[in-house]
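Undergrad:
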Amino acid sequence: MRSEYKAGIDAWFETHREQLLADLADLVSINSVRSEALPGKPYGEGCARVLARAEEMFRRDGFAPCNFDNHVVTANLNDGETVLGILAHLDTVAVSDSWSSDPFTMRREDAVVYGRGVSDDKGPAVAAYYALRAARAIAPELTKNCRLILGSCEETGSSDIAYYRQKEPFPPMVFTPDGNYPVVNFEKGRYAPAFGRKWEPETAACRVLSLTGGATGNIVPKDACALVTGFDRETVEQYVAKFAPGDVSVTCREADGAIEIAVAGKAAHASTPEAGVNAQTALLTLLAAMPLDDCDSTRVIRALAGLMPHGDLAGQILGIACADEETGALTFNFGVLKLTDTGVFGSCDIRMPLCADGDAVAGTFTRALSACGIQVFEDSSLTSYHYTAPDTVFVRTLLEIYEAYTGDPGRCLAIGGGTYVHDIEGGVAFGCEMPGYDSRMHGDDERMPIDVLLLSAKMFTQAILELCR
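For the sequence shown, position 82 (counting from the first letter as 1) is numbered 753 according to this note's numbering, and the numbering increases by one without interruption.
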């Protein structure tokens, strides 16, 4: 790494610190959650507005932006051959009513900024833009180009990048600041099977009338509820005391002549199911142990409880568990379940390491459920893993920069989630989530330390200077 650049980078950001934060506050003020498509605005009004604001910033600072039909907007370092791309996004996830302040008014507190998007991904996007500005000022002699690509649909499928790819090729080196430090070079493959079964309306005396678990496959369900008939409350509570898993809380109440059983667990992302407690599988465990009458709903409940038991986060019982040293273990999340008087629907989220064969995992899963009379739908999604070799000049350079600026050892990471570069050959994630820090990404009071934001911008600048020489 060329250490002679570092003093100039530090000095430049010292004088541009407040402007960087002001621009971030400006972007945070725009609610860029995807909304209904409008003419010329494929992701709605907010996403188009935030791209327009980015264009204004680019022009203000002497760049010539290119807007790709309100899917992405780009800015170039120079007119040279484009060898490096930095890919960030300006759309965000929705907000709840539980924020302690207005999520669209960035606030500073104890050297931390708060607001929707400060960590995912408006803060990193602004850091990348200021890195482009800094590189231009510090080394105007650079002959190769870095292109900043800001999208507006990462949170809802990344069709913005698919559109851009139809218009422009990606450069040979691409990183996104939409992940973790040091460098994410492996993203697990994903299998998200949906399944179901139908039956005639049931009349059994002791049965489950309905069951509602999670609504989203990529989240560990924190709540689940069932309505059972044929039992009094005291009897149900006895079964709860005997068979309910100890890591959930369960309440029972009378409801229209039946008994409602509500289970509370803990939510987590499907890529890290060990961080949560699945209320849905806990409820199935309890129901499967109760003396329900033999009927379709009972058979399905017992089959699902047997194939996907509470606490099996690796698909051991299904026969799909696998792991390797470099990319970790397969993770399994039973995320969605809805049972009615006439059928059942469910889905799972399976994240697969490098050693897994996606087709084999899908086949094993399908056979296991088919043996119980449950159909796995043919349109269940199967996504391959993303892998960039750790020994490339590109990856080694980013790791060296991380080590030089943080003093911590650089290493490549394998993650269960997906980043903005999942479908880009040779792409990696580089920041901006520091090890051990909870930015509350996608949650209430999303936050970003100002020093991490500035440090990221400096590292991105160094990367541009190193890779565009």
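Glycine is no exception: its CB is placed at the ideal position from the N, C-alpha and C atoms.
Spell out the partners DSSP gives residue 1120 in its beta bridges.
TA: Its beta-bridge partners are 783.
Undergrad: Could you tell me the distance, in whole angstroms, from the CA atom of residue 994 to the CA atom of residue 1024?
TA: About 6 Å.
Undergrad: Shortest alpha-carbon distance to residue 867 belongs to which of 740, 674 and 1045?
TA: Comparing Cα-Cα distances from residue 867 to each of 740, 674 and 1045, the minimum goes to 1045.
Undergrad: Where in the region 1055-1117 do unbroken runs of the alpha helix (DSSP H), each at least 4 residues long, occur, reported from the N-terminal end onward?
TA: Counting whole runs of 4 or more residues, the region 1055-1117 contains the alpha helix (DSSP H) stretches 1064-1077.
Undergrad: With 16 as the cutoff for other CB atoms within 10 Å, does residue 887 come out buried or exposed?
TA: Answer is exposed; the Cβ neighbour count stays below 16.
Undergrad: I'd like to know whether the C-beta atoms of residue 972 and residue 879 end up nearer to each other than 9 Å.
TA: It is a contact, given that the beta carbons lie within the stated cut-off.
Undergrad: Looking at C-beta atoms only, is the number of pairs between the region 810-818 and the region 745-763 that lie closer than 8 Å three or more?
TA: The region 810-818 is in contact with the region 745-763.
Undergrad: Are the CB atoms of residue 967 and residue 870 within a distance shorter than 9 Å?
TA: Yes, the Cβ-Cβ distance between residue 870 and residue 967 is below 9 Å.
Undergrad: Closest by CA to residue 1057, which one among 1072, 922 and 1097?
TA: For residue 1057, the nearest C-alpha among the options comes from 1097.
Undergrad: If I measure Cβ to Cβ from residue 735 and keep anything under 8 Å in the same chain, skipping five residues before and after, which residues do I get?
TA: 729, 746 and 747.
Undergrad: In angstroms, rounded to a whole number, what distance separates the CA positions of residue 977 and residue 1039?
TA: The alpha-carbon atoms of residue 977 and residue 1039 are separated by roughly 11 Å.
Undergrad: How many angstroms separate the CA atom of residue 897 from the CA atom of residue 854?
TA: C-alpha separation (whole angstroms): 44 Å.
Undergrad: Please state the DSSP three-state secondary structure of residue 972.
TA: Helix at residue 972.
Undergrad: Please report the distance separating the alpha-carbon of residue 1084 from that of residue 1130.
TA: Using only the alpha carbons, I get a separation of about 18 Å.
Undergrad: Tell me whether residue 801, by its Cβ, gets closer than 8 Å to a heavy atom of the ligand COA.
TA: In the structure shown, the ligand COA is absent, as is every other ligand, since no ligand is present at all.
Undergrad: Could you give the distance in angstroms between the alpha-carbon of residue 929 and the alpha-carbon of residue 1059?
TA: Cα-Cα distance, rounded: 55 Å.
Undergrad: Which residues mark the beginning and the end of the alpha helix (DSSP H) in which residue 954 is found?
TA: Per DSSP, residue 954 belongs to the alpha helix (DSSP H) from 950-960.
Undergrad: Check residue 772 in the structure and name its three-state DSSP category.
TA: If DSSP states are grouped into helix, strand and coil, residue 772 belongs with coil.
Undergrad: Starting from residue 920, trace the beta strand (DSSP E) in both directions and tell me its first and last residue.
TA: That run of the beta strand (DSSP E) goes 920-926.
Undergrad: On the CB-based measure, 16 or more other CB atoms within 10 Å of its CB, does residue 767 come out buried or exposed?
TA: Exposed, since its Cβ has fewer than 16 Cβ neighbours within 10 Å.
Undergrad: Would you check if the region 1120-1130 and the region 683-698 touch, i.e. whether three or more CB-CB distances between them fall below 8 Å?
TA: Yes: the two stretches touch, three or more of their Cβ pairs being nearer than 8 Å.
Undergrad: Are at least three pairs of beta-carbons, each pair with one atom in the region 776-783 and one in the region 828-840, less than 8 Å apart?
TA: Flag = no, the region 776-783 and the region 828-840 do not touch.
Undergrad: Judging by CA-CA distance, which residue of 837, 802, 771 and 803 is the nearest neighbour of residue 743?
TA: It is 837 whose Cα lies nearest to the Cα of residue 743.
Undergrad: Mind the definition here: the region 1077-1096 touches the region 945-954 only if three or more C-beta pairs lie below 8 Å; say whether that holds.
TA: Not touching, per the Cβ criterion.
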